[in-house]
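See below for the structure under consideration.
2 protein chains.
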Amino acid sequence: MRIKELAQRLGTTPYSMRFYERRGLLPSPDRTENGYREYTDADAQRLRLLVGLRQLDLPLSQAAEIAALCAEGRCEEVSTELRAALTDKRAGLQRRMDEMRFLDRHLAHLQGDLAAGEAPRPLITLGKEDRHDHAMR
Amino acid sequence: MRIKELAQRLGTTPYSMRFYERRGLLPSPDRTENGYREYTDADAQRLRLLVGLRQLDLPLSQAAEIAALCAEGRCEEVSTELRAALTDKRAGLQRRMDEMRFLDRHLAHLQGDLAAGEAPRPLITLGKEDRHDHAMR
DNA sequence: GCTTGACATTAGAGCGGCTCCAAGGTCTAG
DNA sequence: CTAGACCTTGGAGCCGCTCTAATGTCAAGC
Chain A
1 MRIKELAQRL GTTPYSMRFY ERRGLLPSPD RTENGYREYT DADAQRLRLL VGLRQLDLPL
61 SQAAEIAALC AEGRCEEVST ELRAALTDKR AGLQRRMDEM RFLDRHLAHL QGDLAAGEAP
121 RPLITLGKED RHDHAMR
Chain B
1001 MRIKELAQRL GTTPYSMRFY ERRGLLPSPD RTENGYREYT DADAQRLRLL VGLRQLDLPL
1061 SQAAEIAALC AEGRCEEVST ELRAALTDKR AGLQRRMDEM RFLDRHLAHL QGDLAAGEAP
1121 RPLITLGKED RHDHAMR
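Heads up: the protein sequence lines correspond to chains A and B, in order. Everything in the first sequence is counted per the numbering used here, starting at 1 for the first residue and increasing by one. Everything in the second sequence is counted per the numbering used here, starting at 1001 for the first residue and increasing by one.
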């Protein structure tokens, strides 16, 4: 399949795909007669993992490393650092989701206020009472 | 309060805070004798809104615009475009959260495989059966 | 047959949003 | 009086795209 189709399927763009390739993070796929990139299902599989890992906010380099190893069926060679990074990011994901739920509630209020042309009502009251550790990330 | 303290409370960094200020997205706070920035609760409130909106992935410019208006108590003057953007992003937030839950399940599998030194097991099987529109963002 | 329009190619420039550095000043604790 | 944590500045660097320009390919419709 061609670049745009695959990009759409995986929720990415041809721009990024070419960018990954230039960086050597994805192998150059075969080309058709006319020079167009032609992706196999295996290519797609690898890219998919890469994209997934990127959504975790793993640095591109790490995401690519994992994707590469797994693509070669040497999944078990993923280093302990990388495994740790993965665990870490998954935990972060949970935190992010909580934060988001929280934020969302407050934005709902904000929108309510906006709609009603009402008071600015201090979104997420700050300071004194707001001491639940918030530092990370 | 000083820059680092506020940054920590809001889960941001002095770097970004100065960056926002340079860009004119936050007003320069008062300085103490020695030239240190000294933030009031009002400053904090505004920054907090800005940070919150940024977590929604609103472009910095828009986030700053909303924060500025609200900080001046002219919250109701937030343009309809901006309101729309806000609604939009909130919806996106929901989608993201779903995606994340999904991704997380699959990464849990991946981790399982990694731990067991097992098969690469194609994370999120791609292609044929995977036609649930994924384009957006 | 020819045009239109959607897709593809490349190298390279541009951008958003931080993130950090160097060189220096200030303040507190021991 | 020194060590260490904090603060200041302007500017450089970085990540990860995202787009542009110039050009090529191809299927559909008149």
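Backbone N, C-alpha and C fix where the C-beta goes; we use that ideal spot for every residue, glycine too. Note that the coordinates shown come from a computational prediction; the quantities given were computed from them, not determined experimentally.
{"Item": "Within the segment 79-103 of chain A, ranges of the alpha helix (DSSP H) (whole runs, at least 4 residues)", "Value": "none"}
{"Item": "The segment 1001-1018 of chain B in contact with the segment 1041-1060 of chain B per 3-pair CB rule at 8 Å", "Value": "yes"}
{"Item": "Simplified DSSP assignment, three categories, for residue 1023/B", "Value": "coil"}
{"Item": "Sufficient close CB pairs (3 or more, under 8 Å) joining the segment 1088-1098 of chain B to the segment 26-43 of chain A", "Value": "no"}
{"Item": "Span of the alpha helix (DSSP H), counted from its first residue to its last, around residue 56/A", "Value": "Note, residue 56/A: premise wrong, no alpha helix (DSSP H); not H, not E."}
{"Item": "Neighbour list for residue 1017/B in chain A, Cβ cutoff strictly below 7 Å", "Value": "Chain A residues near residue 1017/B: none, gap ~14 Å exceeds 7 Å."}
{"Item": "Residue 1077/B (DSSP reduced to helix, strand or coil)", "Value": "helix"}
{"Item": "Members of the segment 86-101 of chain A near chain B, C-beta cut-off 9 Å", "Value": "86, 87, 89, 90, 93, 94, 96, 97, 99, 100 and 101"}
{"Item": "Backbone secondary structure at residue 5/A - three-state DSSP", "Value": "helix"}
{"Item": "Straight-line Cα distance separating residue 1058/B from residue 1178/B", "Value": "A question about residue 1178/B goes unanswered here, because the residues of chain B that appear run from 1001 up to 1137."}
{"Item": "Bridge partners - residue 1037/B, DSSP secondary structure assignment", "Value": "1031/B"}
{"Item": "Alpha-carbon spacing of residue 1044/B relative to residue 1065/B, whole angstroms", "Value": "16 Å"}
{"Item": "Reference residue 140/A, options 2/A, 8/A and 25/A, closest by Cα", "Value": "Shown here, chain A extends from 1 to 137; a query on residue 140/A therefore has no answer."}
{"Item": "Between the CA atoms of residue 1042/B and residue 5/A - distance to the nearest angstrom", "Value": "49 Å"}
{"Item": "CA nearest to the CA of residue 84/A, picked from 62/A, 69/A and 72/A", "Value": "62/A"}
{"Item": "Minimum C-alpha distance to residue 1112/B - residue among 72/A, 69/A, 76/A and 106/A", "Value": "76/A"}
{"Item": "Where residue 1065/B sits in the DSSP three-state scheme", "Value": "helix"}
{"Item": "Alpha-carbon spacing of residue 109/A relative to residue 21/A, whole angstroms", "Value": "44 Å"}
{"Item": "Assigned exposure category for residue 1029/B - 16 Cβ within 10 Å defines buried", "Value": "buried"}
{"Item": "Own chain residues within Cβ distance below 7 Å of residue 1140/B, not counting five before or after", "Value": "With chain B covering 1001 to 1137 only, the question about residue 1140/B has no answer from this structure."}
{"Item": "CA-to-CA distance, residue 1087/B to residue 1070/B, given in whole angstroms", "Value": "17 Å"}
{"Item": "Proximity test, Cβ basis, 7 Å: residue 1120/B and chain A", "Value": "Confidence at residue 1120/B is low in this model, with a pLDDT of 48, below 50, so the placement of that residue is unreliable and no value is reported for it."}
{"Item": "Inter-residue spacing [alpha-carbon to alpha-carbon] between residue 68/A and residue 31/A", "Value": "20 Å"}
{"Item": "Among 97/A, 80/A and 46/A, the one whose alpha carbon lies nearest that of residue 73/A", "Value": "46/A"}
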